[in-house]
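Numbering (the working numbering), first residue to last: 27 to 643.
What follows is one structure encoded as structure tokens, with my remarks underneath.
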Amino acid sequence: MAHRRPGVHCGTRFGTAYLWEKSFLDTQNNQSFSSARNFRRATRDVTMSILTTHGALKQSYILPILLGIFVVLATVGMFYNYPLTTTIGDETVLMASSLKMMAEPSLRPDYPTNYHMPAGAYLYLPFFAGLLLFLRLSGLFGSVALLVQFGTLEYGRLLPFARFISVALGVACLYLLYKICRKLFDDAPVALTAVFLLATDAWFVFLSHFGKVWIPQMFTILLALYCIVRFYRAPTVRLRDYVLIGLLTSVAFATHVVGVLVYLPFLVAQYYRHKGKNLLETFVLHKHFWVCNITFVLGVALTYYLNPFGFQNYFNQSADAALGTAGRTADPDANFLQGSFFYAGVLFEYAPLLIFLSLIGAYRLFKKNREVFYLLSSFVVGYYLVIGPFLGSMRAQPHYIAPVVPFLAGIAAYGLVSLWRERLTMRAKSVKIVLVLAFTLVSLYLPVMFDYRLMQETTQQQFLRWLYTTVPAGTKILDFDAYLTINENRASIELTKRLNPSFLQKRQEYLLGLPDGAFPSPNYFVFQPLYPNGVPAEIDRHQFAYAVLTWHTEDDYKNILEEAKEFGVTPEKLFALFPANATEGTYSADIENLRKPISNLLRMKHTGPIVAVYKLQ
Numbered sequence: 027m028a029h030r031r032p033g034v035h036c037g038t039r040f041g042t043a044y045l046w047e048k049s050f051l052d053t054q055n056n057q058s059f060s061s062a063r064n065f066r067r068a069t070r071d072v073t074m075s076i077l078t079t080h081g082a083l084k085q086s087y088i089l090p091i092l093l094g095i096f097v098v099l100a101t102v103g104m105f106y107n108y109p110l111t112t113t114i115g116d117e118t119v120l121m122a123s124s125l126k127m128m129a130e131p132s133l134r135p136d137y138p139t140n141y142h143m144p145a146g147a148y149l150y151l152p153f154f155a156g157l158l159l160f161l162r163l164s165g166l167f168g169s170v171a172l173l174v175q176f177g178t179l180e181y182g183r184l185l186p187f188a189r190f191i192s193v194a195l196g197v198a199c200l201y202l203l204y205k206i207c208r209k210l211f212d213d214a215p216v217a218l219t220a221v222f223l224l225a226t227d228a229w230f231v232f233l234s235h236f237g238k239v240w241i242p243q244m245f246t247i248l249l250a251l252y253c254i255v256r257f258y259r260a261p262t263v264r265l266r267d268y269v270l271i272g273l274l275t276s277v278a279f280a281t282h283v284v285g286v287l288v289y290l291p292f293l294v295a296q297y298y299r300h301k302g303k304n305l306l307e308t309f310v311l312h313k314h315f316w317v318c319n320i321t322f323v324l325g326v327a328l329t330y331y332l333n334p335f336g337f338q339n340y341f342n343q344s345a346d347a348a349l350g351t352a353g354r355t356a357d358p359d360a361n362f363l364q365g366s367f368f369y370a371g372v373l374f375e376y377a378p379l380l381i382f383l384s385l386i387g388a389y390r391l392f393k394k395n396r397e398v399f400y401l402l403s404s405f406v407v408g409y410y411l412v413i414g415p416f417l418g419s420m421r422a423q424p425h426y427i428a429p430v431v432p433f434l435a436g437i438a439a440y441g442l443v444s445l446w447r448e449r450l451t452m453r454a455k456s457v458k459i460v461l462v463l464a465f466t467l468v469s470l471y472l473p474v475m476f477d478y479r480l481m482q483e484t485t486q487q488q489f490l491r492w493l494y495t496t497v498p499a500g501t502k503i504l505d506f507d508a509y510l511t512i513n514e515n516r517a518s519i520e521l522t523k524r525l526n527p528s529f530l531q532k533r534q535e536y537l538l539g540l541p542d543g544a545f546p547s548p549n550y551f552v553f554q555p556l557y558p559n560g561v562p563a564e565i566d567r568h569q570f571a572y573a574v575l576t577w578h579t580e581d582d583y584k585n586i587l588e589e590a591k592e593f594g595v596t597p598e599k600l601f602a603l604f605p606a607n608a609t610e611g612t613y614s615a616d617i618e619n620l621r622k623p624i625s626n627l628l629r630m631k632h633t634g635p636i637v638a639v640y641k642l643q
């Protein structure tokens, strides 16, 4: 059975009246009340009651304000690199799958290009259905065919809407975290503090700018966690509660495989709901528990049916990671141990204050509320143990650790509020104001710096603006950056279809069915020498007028220049550079995978890679 903490609700006028009456009776019964100490004590009791009453009224405004702050932080810079679609990894996968489902039409996002699990596409679907319906009814597109053509050829124009969906789901994550903390702690200040910590977290704000899978993943994890917490706190539970938890756990899994780890808090909740019984009765012989498991397994089977490509992709990656981890563990020269601590380093780089407060909160929770400690920390520890050794030493991407942040925010909020109440409640008002302002400014530093960088025109945008206004249409261009999309002519697309059909995109295939006049202009003959077995011999290496190279580090520059020498590219043929004052050694960071952001965001002088144009003819 879950137990709520008893307490006197003094946040009402009745609680205030009680304290006034108590103070008056104390005055009558104790003539020494005139002493300054007793007077201050009685006055403080009454004042705190009045503040609590007004505080309860003000708290109803705090949550909307915090959500509003997050919306501002997450929407500033939303048009980063517009209308390019490939400069942020995996950003168009969910959007493209949703659009394809409506264009075909189909109820399954089972496309070879959709290498994500299917739930994310379904989360996007109602948003894009509403947008396309509005565009059609508004008169901007005279027919469904024109709307389909726009969605196929200009889907980069729709990318900000996918980013808006991430912001909307981010707001939902914050609200769910608030409800979870209210259920767990029965303490509004803790819940509001947790919302603030998550709303100003650098990773959470940064990922909310883009249409990647991670904000939908956090949403489905928190949705499942909310039902688990309700299950844990409920006086009685029914079969439908177990079914719902199994269903939502499978939805979290169907968004990204790591979502299955929300099952760990459920195991903790199940254990404490049946505290006093042995493990056999709690798990093995508990019929409703097995109904939950069966529901989850059926959800996994449905996930495979809805998109076998994404399912196979994730499990092939997991198998490769497991085998690679085993090999590195046995290899004394491998950096397995260093890789295992990769994400710990990332957390300290991006959220040092959150980590510090979560350590305090974890210690206090362990001492005072051990059940909640295990419920929240089970996900954090389990998640890290799964992805740390596997991905930290193999496919390390800093943002993979982001799903633990809401859990850390809840733990940290408990630590911060309890520390404040014990150490700072009776401090001078000016001291508390200074501390709150300092804490707020420190929390906002990284999100604001990210927003500032995302607002800047990128080097890719500068290059394309220069290209389309300077270089004549039809010019032959050698493009060494697979993520830099240049308008192509028919001959360019036909060459890709003949020599490298696996790289032919839906947009390119659609263009081949249109007349030349319908192609985006100006357009060029663009060749990307990205062939696993080398560039085919039939390609004339000296036919190109320009070569475009991009790099982030000096080592990248040396490697790409070595590859380009085959086509006659030399440093002496440099024609244009973005930014104009860059050199091969100029600091240039990949903002999506930035390390040490506290210092490197200040160090950055431009956003995007260095883009160099070499004139070959």
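Ideal Cβ placement from N, Cα and C applies to all residues, glycine included.
task = Can you grab the Cα-Cα spacing for the pair Tyr-181 / Tyr-106, in whole Å?
result = Locating residue 181 in the sequence shown gives position 155, counting from the first residue. Locating residue 106 in the sequence shown gives position 80, counting from the first residue. Between Tyr-181 and Tyr-106, the C-alpha separation is close to 15 Å.
query = Can you tell which of Tyr-108, Met-104 and Thr-178 has the C-alpha that lies nearest to the C-alpha of Met-128?
reply = Stepping through the sequence shown from its first residue, residue 128 is reached at position 102. Ranking Tyr-108, Met-104 and Thr-178 by Cα distance to Met-128 puts Thr-178 first.
ask   = Who are Leu-575's beta bridge partners in DSSP?
value = As a first step, residue 575 is located in the sequence shown; it is residue number 549 there, counting from the start. Leu-575 is bridged to Ala-638.
inquiry  = So, with DSSP's three-state summary, where would you put Phe-604?
reply    = The residue you call residue 604 lines up with position 578 of the sequence shown. Here Phe-604 sits in strand by DSSP.
ask   = When burial is assigned at 16 or more other CB atoms within 10 Å of the CB, is Gln-643 buried or exposed?
value = The residue labelled residue 643 in the question sits at position 617 within the sequence shown. When all chains shown are included, Gln-643 counts as exposed.
key: Completely contained alpha helix (DSSP H) runs for the stretch 505–570, where each covers 4 or more residues   = 516–525 and 532–537
ask   = Where do the N-terminal and C-terminal ends of the alpha helix (DSSP H) with Val-294 fall, by residue?
value = Locating residue 294 in the sequence shown gives position 268, counting from the first residue. Run containing Val-294: 289–299, per the alpha helix (DSSP H) assignment.
task = Closer than 8 Å by C-beta to Leu-185: which residues in its own chain qualify, once you throw out the five before and the five after it? Chain order, please.
result = Your numbering for residue 185 matches position 159 in the sequence shown. Excluding positions up to five away in sequence, the list reads Tyr-108, Pro-109, Thr-111, Glu-117, Thr-118, Met-121 and Gly-237.
query = Going by other Cβ atoms of all chains shown within 10 Å of its Cβ, with 16 needed for buried, is Pro-291 buried or exposed?
reply = Locating residue 291 in the sequence shown gives position 265, counting from the first residue. The residue is buried, with at least 16 neighbouring Cβ atoms inside 10 Å.
request  = Return helix, strand or coil for Lys-394, following the three-state DSSP convention.
outcome  = In the sequence shown, residue 394 corresponds to position 368, counting from 1. In this structure, Lys-394 counts as helix in the three-state DSSP scheme.
task = Check Ile-114 in the structure and name its three-state DSSP category.
result = Against the sequence shown, residue 114 aligns to sequence position 88. Coil, per DSSP.
query = How far does the alpha helix (DSSP H) with Leu-184 in it reach, from first residue to last?
reply = The count along the sequence shown starts at 1 and reaches residue 184 at position 158. Careful: Leu-184 lies outside any alpha helix (DSSP H) and carries neither H nor E.
Reference Val-288; option with closest CA among Glu-307, Tyr-340, Leu-401 and Arg-453 = Translated into the one-based positions of the sequence shown, residue 288 becomes position 262. Cα-wise, what sits closest to Val-288 is Leu-401.
task = Name, in chain order, the residues that DSSP records as bridge partners for Ile-381.
result = Mapped onto the sequence shown, residue 381 falls at position 355. Its beta-bridge partners do not exist; DSSP assigns none.
query = Could you give the distance in angstroms between the alpha-carbon of Ala-602 and the alpha-carbon of Ile-386?
reply = Along the sequence shown, read from residue 1 onward, the residue named residue 602 stands at position 576. Along the sequence shown, read from residue 1 onward, the residue named residue 386 stands at position 360. C-alpha separation (whole angstroms): 53 Å.
request  = Could you tell me if Glu-564 is buried or exposed, where buried requires 16 or more neighbouring beta carbons within 10 angstroms of its beta carbon?
outcome  = On the sequence shown, position 538 is the one that residue 564 refers to. With fewer than 16 other Cβ atoms within 10 Å, it is exposed.
query = For the alpha helix (DSSP H) that Asp-267 lies in, which residues bound it at each end?
reply = By 1-based counting over the sequence shown, the position of residue 267 is 241. 265–281 is the span of the alpha helix (DSSP H), which, as asked, contains Asp-267.
ask   = With contact counted as at least three CB pairs below 8 Å, one residue from each stretch, are the stretch 155–166 and the stretch 197–206 in contact?
value = no
ask   = From Ala-590, Asp-267, Ile-617 and Phe-476, pick the residue whose C-alpha is nearest to that of Gly-115; which is it?
value = Within the sequence shown, numbered from 1, the residue matching residue 115 stands at position 89. Answer by Cα proximity: Ile-617.
ask   = Hey, Thr-484 and Thr-633: beta-carbon distance below 8 Å or not?
value = Residue 484 sits at position 458 when you count from the first residue of the sequence shown. Residue 633 sits at position 607 when you count from the first residue of the sequence shown. A contact, by the Cβ cut-off of 8 Å.
task = Would you give the residue range spanned by the alpha helix (DSSP H) that Val-231 belongs to?
result = Along the sequence shown, one-based indexing puts residue 231 at 205. First-last of the alpha helix (DSSP H) with Val-231: 228–234.
query = Taking the alpha helix (DSSP H) that His-314 falls in, what are its first and last residues?
reply = Mapped onto the sequence shown, residue 314 falls at position 288. Looking at the DSSP string, the run of the alpha helix (DSSP H) that includes His-314 is 313–332.
C-alpha distance - Phe-96 paired with Thr-596, whole-angstrom precision = On the sequence shown, position 70 is the one that residue 96 refers to. On the sequence shown, position 570 is the one that residue 596 refers to. So the two alpha carbons sit approximately 47 Å from each other.
ask   = Are the CB atoms of Thr-275 and Phe-245 nearer to each other than 8 Å?
value = Indexing the sequence shown from 1 puts residue 275 at position 249. Indexing the sequence shown from 1 puts residue 245 at position 219. The answer is no: Cβ separation not under 8 Å.
task = Check the C-beta distance from Gly-285 over to Gln-243 and give it rounded, since I have them as a contact under 8 Å.
result = In the sequence shown, counting from the first residue as 1, residue 285 sits at position 259. In the sequence shown, counting from the first residue as 1, residue 243 sits at position 217. Rounded, the Cβ-Cβ distance is 6 Å, consistent with contact.
query = Do Leu-373 and Val-317 have their C-beta atoms closer together than 8 Å?
reply = As a working mapping, residue 373 is identified with position 347 in the sequence shown. As a working mapping, residue 317 is identified with position 291 in the sequence shown. It is not a contact, given that the beta carbons lie outside the stated cut-off.
key: Local conformation of Lys-205 per DSSP, three classes   = For the purposes of this step, residue 205 is identified with residue 179 of the sequence shown, where counting begins at 1. Note: Lys-205 maps to helix in three-state DSSP.
inquiry  = Based on DSSP bridge pairs, tell me the residues matched to Ile-503.
reply    = To locate residue 503, count along the sequence shown from 1; it is residue 477. DSSP, once it has assigned bridges, lists Val-552 and Tyr-572 as partnering Ile-503.
query = Just the Cα atoms here: how many angstroms apart are Leu-490 and Val-497?
reply = Taking the first residue of the sequence shown as 1, we reach residue 490 at position 464. Taking the first residue of the sequence shown as 1, we reach residue 497 at position 471. One C-alpha to the other measures close to 10 Å.
key: First and last residue of the uninterrupted alpha helix (DSSP H) at Val-595   = On the sequence shown, position 569 is the one that residue 595 refers to. First-last for Val-595: undefined, no H or E at that position.
Pro-548 versus Gly-500 - alpha carbon distance = The residue you call residue 548 lines up with position 522 of the sequence shown. The residue you call residue 500 lines up with position 474 of the sequence shown. Near 8 Å, if we compare the C-alpha coordinates of Gly-500 and Pro-548.
message = So the candidates are Tyr-478, Arg-621 and Leu-575; which of them puts its Cα closest to the Cα of Val-639?
response = Within the sequence shown, the letter at position 613 stands for residue 639. Taking only the C-alpha atoms, the option nearest Val-639 is Leu-575.
request  = Note down the Cα distance separating Gly-165 from Ala-435, rounded to an integer number of angstroms.
outcome  = By 1-based counting over the sequence shown, the position of residue 165 is 139. By 1-based counting over the sequence shown, the position of residue 435 is 409. Using only the alpha carbons, I get a separation of about 46 Å.
ask   = Comparing alpha-carbon positions, which option in Lys-455, Asn-395, Val-398 and Val-430 lies nearest Val-412?
value = For the purposes of this step, residue 412 is taken as residue 386 along the sequence shown, with counting starting at 1. Checking every option, the nearest Cα to that of Val-412 belongs to Val-430.
request  = Let me know the secondary structure DSSP gives Leu-51 once reduced to three states.
outcome  = As a working mapping, residue 51 is identified with position 25 in the sequence shown. For Leu-51, the predicted model reports a pLDDT of 42, less than 50, meaning its position is unreliable; a value from the coordinates is still stated below. The answer is helix: DSSP assigns Leu-51 an H, G or I state.
key: One or two residues paired with Lys-303 in a DSSP bridge   = Position 277 of the sequence shown, counted from the first residue, corresponds to residue 303. Bridge partners of Lys-303: Lys-301.
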